[in-house]
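Protein chains in written order, with my numbering: chain A, 401 to 693; chain R, 84 to 242. No residue lacks a Cβ here, since even glycine has one placed at the ideal position from N, Cα and C. Reading through the structure tokens given below for one structure.
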Amino acid sequence: MNYHSPASFAEASALAENADGVTRFLAGGTDVLVQLRADIVTPDTLIDIKKIDGVSDITQNDDGSWTLGVAVTGAEMTEHASLSRDWPGVVEAMDLVGSTQVQGRATLTGNLCNGSPAADSVPAMVAAGVTVTVTGADGSREVAVGDIPTGPGRTSLAKGELVSAVNIPARGDNAGDAYLRFIPRTEMDIAVVGVAVSLRLDGDTVTEARVSLGAVAPTVLLVQECADAIIGSTLDDAALDALAAAASAACNPITDKRGTVEFRTDVAGVLAKRAAKIAYARAKGETVKGDHA
Amino acid sequence: MSKIHVTTTVNGDETEFLCDPRETLLDVLRDRLNLTGAKEGCGTGDCGACSVTIDGRLVCSCLVLGAEAEGKEIATVEGIAEGDTLHPLQRKFIEHAALQCGICTPGILVAAKSLLEKNPNPTETEVRYWLAGNLCRCTGYDKIIRAVMDAATEMREAS
Chain A
401 MNYHSPASFA EASALAENAD GVTRFLAGGT DVLVQLRADI VTPDTLIDIK KIDGVSDITQ
461 NDDGSWTLGV AVTGAEMTEH ASLSRDWPGV VEAMDLVGST QVQGRATLTG NLCNGSPAAD
521 SVPAMVAAGV TVTVTGADGS REVAVGDIPT GPGRTSLAKG ELVSAVNIPA RGDNAGDAYL
581 RFIPRTEMDI AVVGVAVSLR LDGDTVTEAR VSLGAVAPTV LLVQECADAI IGSTLDDAAL
641 DALAAAASAA CNPITDKRGT VEFRTDVAGV LAKRAAKIAY ARAKGETVKG DHA
Chain R
84 MSKIHVTTTV NGDETEFLCD PRETLLDVLR DRLNLTGAKE GCGTGDCGAC SVTIDGRLVC
144 SCLVLGAEAE GKEIATVEGI AEGDTLHPLQ RKFIEHAALQ CGICTPGILV AAKSLLEKNP
204 NPTETEVRYW LAGNLCRCTG YDKIIRAVMD AATEMREAS
């Protein structure tokens with residue numbers, strides 16, 4: 401295995417473009433090194449992107465949007481007060497990934513590019529309308545987070561392409577987000593179902609909404625029917641019931657040791673209601689604690 | 084395959100080593116630098132027995148490559164005591180008998196020290212969540228939590 405630590409994304413892209421065999425990019429390494437050790441993926445070329453300038457920066461731009469470097473860790477996000485205030489759902493979703501030790505290394509970009517349908521941060525990013533900058537031989541392009549995973553363990557990134565930044569939109573006024581997951585314990589587990597909701601209010605009425613489901617299909621889902629169920633409502637019981645029904649209807653899960661098709665389908669509806677209520681309260685300016693105590 | 088030359092700081096001492104690109108920081112600490120405090124439990128970041136800090140940040144050294152240590156400050160359990168004087172956490176672990184086989188203990192000491200530096204007055208819930216990535220199959224955790232809480236109290240009173 402060859403280990404490289406390039407100084408720019410262009411150099412990283414060129415290394416990957418010209419490499420033979422299996423190439424992996426190394427940010428936090430909490431998936432890559434596990435796969436390496438388990439002989440699931442044995443890279444011929446490992447490209448450590450942490451020596452590139454700016455990869456650990458969290459920057460709020462003039463228009464209120466955020467740019468996160470690809471090596472920003474979950475712990476750094478959780479410690480960032482104004483990012484946490486703007487996008488509590490995104491920050492809490494990332495914070496649910498692994499232990500304190502894993503939080504010291506794990507990144508949004510790694511969670512996305514690992515391609516797990518159960519990745520906690522991905523539904524939260526999809527609901528938030530997050531995009532990633534993808535750098536390749538022909539320069540850079542901006543891609544919606546939902547367009548990166550194409551199936552379990554697979555992404556739409558071509559040979560020589562890598563994610564070079566995470567772009568979170570400006571939060572704006574009267575808006576809130578939330579992510580909830582079901583696991584059979586309180587910590588250190590993988591989502592059986594994950595649901596993220598981001599919405600905006602005009603007075604008491606929902607004017608914008610994005611609802612995303614994780615671990616209930618081969619890739620993360622953005623469910624327009626869920627958004628339609630609550631847009632125009634005050635999140636009354638009828639709207640919440642319609643939201644739950646739409647979430648359950650969108651599920652296309654598998655049965656595995658962590659949950660059955662029936663369980664996942666039902667729980668998606670329950671969590672959608674709960675996450676929507678938290679997002680709504682946050683949009684009203686209330687401080688609501690998320691999943692992590 | 085040629086080895087990678089790495090210069091790093093471990094427990095305040097500048098050190099250098101040659102490592103294979105596949106070698107983890109845990110392998111380097113144990114097999115090249117003879118610092119066998121960090122233990123390999125799972126090797127996949129689940130058990131926390133290999134916990135160290137890098138630039139003050141708690142990590143599993145089994146999920147870090149040796150090559151990534153270049154220019155970093157590593158702290159391991161060997162650096163917790165000052166000479167023969169044990170750290171309050173170490174004394175409290177003995178006092179509360181917060182260990183049996185001891186395999187998990189170095190990782191838990193490193194993790195708990197990292198918590199108390201960030202939060203000198205944690206609640207029991209905060210201690211339990213912080214240490215959720217440190218598995219212990221002997222104690223049932225209760226004595227560990229009590230030892231950490233007691234050490235925190237003593238350290239607050241002393242400061």
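- At a cut-off of 8 Å between beta carbons, Arg674(A) makes no contact with chain R.
- Listed as beta-bridge partners of Asn567(A) by DSSP are Thr467(A) and Thr531(A).
- With contacts defined as CB atoms closer than 8 Å, Glu161(R) and Gly120(R) qualify as a contacting pair.
- Beta-bridge analysis with DSSP links Glu608(A) to Arg600(A).
- Here the C-alpha atom of Asp538(A) lies approximately 47 Å from the C-alpha atom of Asn202(R).
- Distance from the CA of Thr655(A) to the CA of Ser516(A), rounded to the nearest whole angstrom, comes to 16 Å.
- DSSP, read as helix, strand or coil, puts Tyr212(R) in helix.
- A residue is called buried once 16 or more other Cβ atoms fall within 10 Å of its Cβ, and Ile177(R), having fewer, is exposed.
- A direct Cα-to-Cα measurement between Ser85(R) and Cys102(R) gives close to 9 Å.
- Excluding residues up to 5 positions away in sequence, Val502, Arg505 and Ala506 lie with their Cβ nearer than 6 Å to the Cβ of Thr430(A) in the same chain.
- Using beta-carbon distances, Pro205(R) does not count as an interface residue toward chain A, since no partner is under 8 Å.
- Among the bridge pairs identified by DSSP, Ser134(R) is matched with Cys143(R).
- Beta-bridge analysis with DSSP links Pro549(A) to Thr555(A).
- Taking Ile186(R) as the centre and dropping the five residues before and after it, the same chain places the C-beta of Lys122, Gly124 and Ala132 closer than 8 Å to its C-beta, in chain order.
- Across the set Asp448(A), Ser612(A) and Thr634(A), the C-alpha of Ser612(A) shows the shortest separation from the C-alpha of Cys626(A).
- When the alpha-carbon of Ala649(A) is set against those of Asp636(A), Lys657(A), Leu635(A) and Ala629(A), the nearest one is in Ala629(A).
- At a beta-carbon threshold of 9 Å, none of the residues of chain R lie near Ala481(A); the nearest stands roughly 15 Å away.
- Using a Cβ-Cβ cut-off of 8 Å, Leu562(A) does not count as an interface residue toward chain R, since no Cβ of chain R sits closer than that to its own.
- Asn418(A): member of the alpha helix (DSSP H) spanning Phe409 to Asn418, first to last residue.
- What Met588(A) touches in chain R, judged by beta-carbon distance under 7 Å, is Ala215 and Gly216, going in chain order.
- Within chain A, the C-beta atoms nearer than 7 Å to that of Ala150(R) come from Tyr403, in chain order.
- Here DSSP, grouped into helix, strand and coil, assigns Leu496(A) to coil.
- Spanning the alpha carbons of Ser405(A) and Ile447(A) requires a straight line of approximately 6 Å.
- Contacts between Arg424(A) and chain R, judged by CB atoms closer than 8 Å, are missing: the closest CB pair is about 12 Å apart.
- Residue pairing from DSSP places Gly576(A) in a beta bridge opposite Leu599(A).
- Under the rule that a run must span 3 or more residues, the beta strand (DSSP E) segments found entirely inside the stretch 424 to 494 of chain A read 445 to 448, 458 to 460 and 466 to 468.
- Within 10 angstroms of the beta-carbon of Gly572(A) lie fewer than 16 other beta-carbons, which makes it exposed.
- Here the alpha carbon of Asn514(A) sits roughly 30 Å from the alpha carbon of Thr90(R).
- For Cys626(A), the enclosing alpha helix (DSSP H) has its first and last residue at Gln624 to Ile630.
- Scanning chain R for C-beta atoms nearer than 7 Å to the C-beta of Leu468(A) yields nothing, as the closest lies near 17 Å away.
- Under the Cβ criterion of 8 Å, Thr127(R) is counted among the residues facing chain A.
- For Val434(A), the nearest beta carbon of chain R is closer than 8 Å to its own beta carbon.
- Using a Cβ-Cβ cut-off of 7 Å, Leu169(R) is close to nothing in chain A; its nearest Cβ partner there is about 23 Å away.
- Nearest to Ala609(A) by C-alpha distance, out of Ala672(A), Glu542(A) and Ala412(A), is Ala672(A).
- Spanning the alpha carbons of Leu601(A) and Val210(R) requires a straight line of approximately 37 Å.
- Counting C-beta atoms within 10 angstroms of its own C-beta, Val441(A) has fewer than 16 neighbours from the protein chains shown and is therefore classed as exposed.
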